[in-house]
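Below: the structure, in structure tokens.
Protein chains: 2
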Amino acid sequence: MINTLQLNTTLILPENGLEQKLKQAKEEHRKLKIKLGFDPTAPDLHLGHAVVLKKLKQFQDLGHEVIIVVGSFTARIGDPTGKNKARKPLSTEEVQHNAQTYISQLSKVIDIEKTKIVFNSDWLDALSFSEVIQLMSKVTVAQLMHRNDFNKRFTDNTPIAMHELVYPILQGFDSVKIECDIEMGGTDQLFNCTMGRQLQESHKKSPQIVICMPLLKGLDGKEKMSKSLNNTIGLTDEPNEMFGKTMSIPDTLIEEFIDLTTDFSVEEKKSILLKIENGENPMNIKKLIAKNIIRQYHDEAAADLAEIFFSNQFQSKNIEEQVFEPAFITSLSHDDHRLSLIDLCHRLKNDLSKSAVRRLIENGGVQIDTIKMTDPDALIELIPQTKIKIGKRAFFELL
Amino acid sequence: MINTLQLNTTLILPENGLEQKLKQAKEEHRKLKIKLGFDPTAPDLHLGHAVVLKKLKQFQDLGHEVIIVVGSFTARIGDPTGKNKARKPLSTEEVQHNAQTYISQLSKVIDIEKTKIVFNSDWLDALSFSEVIQLMSKVTVAQLMHRNDFNKRFTDNTPIAMHELVYPILQGFDSVKIECDIEMGGTDQLFNCTMGRQLQESHKKSPQIVICMPLLKGLDGKEKMSKSLNNTIGLTDEPNEMFGKTMSIPDTLIEEFIDLTTDFSVEEKKSILLKIENGENPMNIKKLIAKNIIRQYHDEAAADLAEIFFSNQFQSKNIEEQVFEPAFITSLSHDDHRLSLIDLCHRLKNDLSKSAVRRLIENGGVQIDTIKMTDPDALIELIPQTKIKIGKRAFFELL
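The listed protein sequences correspond, in order, to chains A and B. Numbering-wise, the first sequence is residues 1 to 399 according to the working numbering. Numbering-wise, the second sequence is residues 1001 to 1399 according to the working numbering.
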């Protein structure tokens, strides 16, 4: 049963815990409760989330119960320091609305009919201050400071507001409340998930096991896929968008995408990897991945159409001997989708030094949509389908 | 006005703050609010507390308002980890009872009629969890970890439970609630008192100033006077007990006691210090201190009687050429008032090495109440008036 879950690349704590939990569930003739936390400030799901969701679906298919815990308590508080503008306090209505959006996106991967959705404000709002003190007394400062990011910020003298230390405790308390058997998350959630184990034990309950799935990298090939980094493929992206974005991933991401984003069978994966080994053009492998992804979140026909659209848009230009390579460029911030010309060219052709790029621009070697641009500091709007020509042989089209 | 407060030995934060607060109060024709926190788990007041209380009395005499904040919120929670047996959760009735005891002892130093008594559970119980989060967000982890004892425990890997970090924040919030102008405490309260300044500022209120009085040492001459160390002179001790205990302080404590426990005038103090310089027997100086203390907490007649009682009890034996030196020995714990014979003798005559003491006992050189004791490990009850003879010339009587 465990083998069918294909958990090779995931982190399970404790190592033999899943086996025991499954055995226990069978003996007690009950379903396991599998928890996934959801932050209702960012309801847009992407392929990174899907890595975890697909594992949840496997548990659902085995007959276990998936419980989504909406973090409504903290979302309603927002960032109390007011520093993080992206974390404004949300009203109950906004939380409900985001949860609805989230649930409808979830249904692209898991079976919503069989999924239980709960809001943690239901129990956290009801805690009295003295109950909060009781809860906090179960955890030591040193434990919390072991969390990677806290530790780094503490060492770097970057302020950590006291309430931030409380949030992992709350996440753990959610597990106590729903009597969770297994908490799922990305590997960045390992610490918070183990908090649940500890609090369940101190509440004399059987501790959950923790399953953390690997984090998918974003289109930039460097950072994890994350909405705030604007490097995602969203589960609700249109087929053409999915296709183009997938074609834009760096070649180094191909194997990770095959592993984490496709539903190829083990045999199909093996055969694709063999092709790569035999020197197949990466472009063709990315097409296979793109079509597989579209098949999962749209359908077969959409995948075929997207391939045709892509070929028409980009590859037909082959005839004019100008192949515009699709390029996905992340802007520096959420609000400002612009980059200076020199930065844009440097990002597109990072085999050139910045000073080489500057010379090229100043000597008239760079065109945007056929217009020669000679000011390296000109701000360029990152508008899809903008075409950039750098030197004589490099052609890009923004996605 | 400031000079009359004689604040030379105290710590004031910020340095010129008191001057400004007094000026401000005068301009606004209002009294200053002076806060003292009180932990209702330990209602027995001693001379160490009186150091702070006398300063409060001076403010009262100047027309300002003293507010005692009873820490009823935390006392009712107790130690949630259950590790500190001395901090059992108290019922509302127990808190009330302890507060009554405390108030009646306060009246020995300050004017209770003019004193406002408030219970912090009145506002802390009413805080919702999200208000608690808001409050915690005002303070950073690094700030709290700067508190000496937290810092030491963190460095030593001694666990600090998370709720402990919350308590200084609560003490600060009390200052916000009562709109405190000045918070008083011992120097060990400096950190917690500055928390009040910070939280008042983040609540857009004028920050309190902090006045910390020096900590009086206990009868052992080493640790601070504290009930848990059993080294105190209580404000409600009987005159004879006060006299004997004062006579037992080590000579090194004489100047500190003159400064912090007596109400001698500046001239009287000078004259006593001159006597010490001129080689006066310390015994006689201690008698002056003892009588002064008894005059403050009982009366003149009680002081005189205590001196006579002491002389009769201890010094008349001079005739028999056996002067029993009064000795105050602290037991190791609150529950167990016993010490092994070897430890007792070593504490009484610490100019002898432990092995020397052992030899002396084994050779029959030690008597308790005229009975020769030869087992160094015999447990001796620390009963007042027990007489101990060590060697040929050392005679002690326990207080």
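Cβ coordinates follow ideal geometry from the N, Cα and C atoms, glycine included.
| Item | Value |
| --- | --- |
| is_contact[Gln-1134 of chain B, chain A] using C-beta, thresh 7 Å | yes |
| Counterpart residues of Ala-1327 of chain B in DSSP-defined beta bridges | B:Leu-1398 |
| Any chain A beta carbon closer than 7 Å to Val-1139 of chain B | yes |
| C-alpha gap between Lys-88 of chain A and Ser-248 of chain A, whole angstroms | 33 Å |
| is_contact[Leu-127 of chain A, chain B] using C-beta, thresh 7 Å | yes |
| Beta-carbon gap between Leu-216 of chain A and Val-51 of chain A smaller than 7 Å | yes |
| DSSP three-state assignment for Phe-38 of chain A, whether helix, strand or coil | strand |
| Min CB distance Glu-1320 of chain B to chain A below 7 Å | At Glu-1320 of chain B, the pLDDT of 49 sits below 50, so the modelled position is not reliable and the matter cannot be decided from this model. |
| Leu-1162 of chain B at chain A interface by Cβ criterion, 7 Å | One detail in the question is off: residue 1162 of chain B reads as Met in this sequence, not Leu. Answer yes: the Cβ-Cβ gap between Met-1162 of chain B and chain A drops below 7 Å somewhere. |
| The beta strand (DSSP E) enclosing Phe-1119 of chain B, as first and last residue numbers | 1115–1119 |
| Interface partners of Ala-1159 of chain B on chain A, CB under 9 Å | Correcting the residue identity first, residue 1159 of chain B is Pro in this sequence and not Ala. Thr-140, Val-141, Ala-142, Gln-143, listed in chain order. |
| Residue-level contact to chain A via CB, Pro-1080 of chain B, 7 Å cutoff | yes |
| Alpha-carbon spacing of Ala-86 of chain A relative to Ser-72 of chain A, whole angstroms | 16 Å |
| Residues near Tyr-297 of chain A in its chain [Cβ-Cβ closer than 6 Å; skip 5 each side] | Lys-108, Leu-235 |
| Contact set for Ile-453 of chain A: own chain, Cβ-Cβ below 8 Å, skip 5 residues either direction | What the structure shows of chain A is the stretch from 1 to 399, and residue 453 of chain A is not part of that stretch, so it cannot be assessed. |
| Residues that Val-166 of chain A contacts on chain B, provided the C-beta gap is smaller than 8 Å | Ile-1133, Met-1136, Met-1162 |
| Residue-chain proximity (Ser-1206 of chain B, chain A), Cβ-Cβ < 7 Å | no |
| Segment contact flag, the stretch 1103–1120 of chain B with the stretch 1048–1067 of chain B, C-beta cutoff 8 Å, min 3 pairs | yes |
| Through-space distance from Tyr-1167 of chain B to Ser-137 of chain A, alpha-carbon basis | 12 Å |
| Residue(s) in a DSSP beta bridge with Thr-92 of chain A | DSSP, once it has assigned bridges, lists no residue as partnering Thr-92 of chain A. |
| Coarse secondary structure for His-49 of chain A, derived from DSSP in three states | helix |
| Closer than 8 Å at the beta carbon, the chain B residues around Ser-130 of chain A | Phe-1073, Arg-1076, Ile-1077, Asp-1125 |
| Contacts that Phe-1154 of chain B makes with chain A (C-beta to C-beta distance below 9 Å) | Val-141, Ala-142, Met-145 |
| Segment contact, 8 Å Cβ cut-off, at least three pairs: the stretch 1192–1199 of chain B with the stretch 1160–1175 of chain B | yes |
| Chain B contact residues for Ile-169 of chain A, given Cβ-Cβ distances below 9 Å | Met-1162 |
| Option in B:Ile-1182, B:Leu-1274, B:Leu-1352, B:Lys-1372 with minimal Cα separation from Ile-1012 of chain B | B:Ile-1182 |
| Reference Lys-1392 of chain B; option with closest CA among B:Gly-1364, B:Lys-1023, B:Thr-1374, B:Asp-1125 | B:Gly-1364 |
| Run of the alpha helix (DSSP H) containing Leu-401 of chain A, from where it starts to where it stops | Given that chain A is displayed from residue 1 to residue 399, the structure contains no residue 401 of chain A and the question cannot be resolved. |
| Where Gly-1218 of chain B falls, given that 16 or more other Cβ within 10 Å makes a residue buried | buried |
| Other residues of its chain near Ile-1117 of chain B: CB distance less than 6 Å, five sequence neighbours each side excluded | Ile-1068 |
| Cα-Cα separation, Lys-245 of chain A to Ile-294 of chain A | 11 Å |
| Proximity of Met-373 of chain A and Leu-341 of chain A at Cβ, strictly below 7 Å | yes |
| Expected contact under 8 Å - CB spacing of Phe-1150 of chain B and Ala-142 of chain A to nearest Å | Their Cβ separation, rounded to whole angstroms, is 11 Å, which puts Phe-1150 of chain B and Ala-142 of chain A out of contact at 8 Å. |
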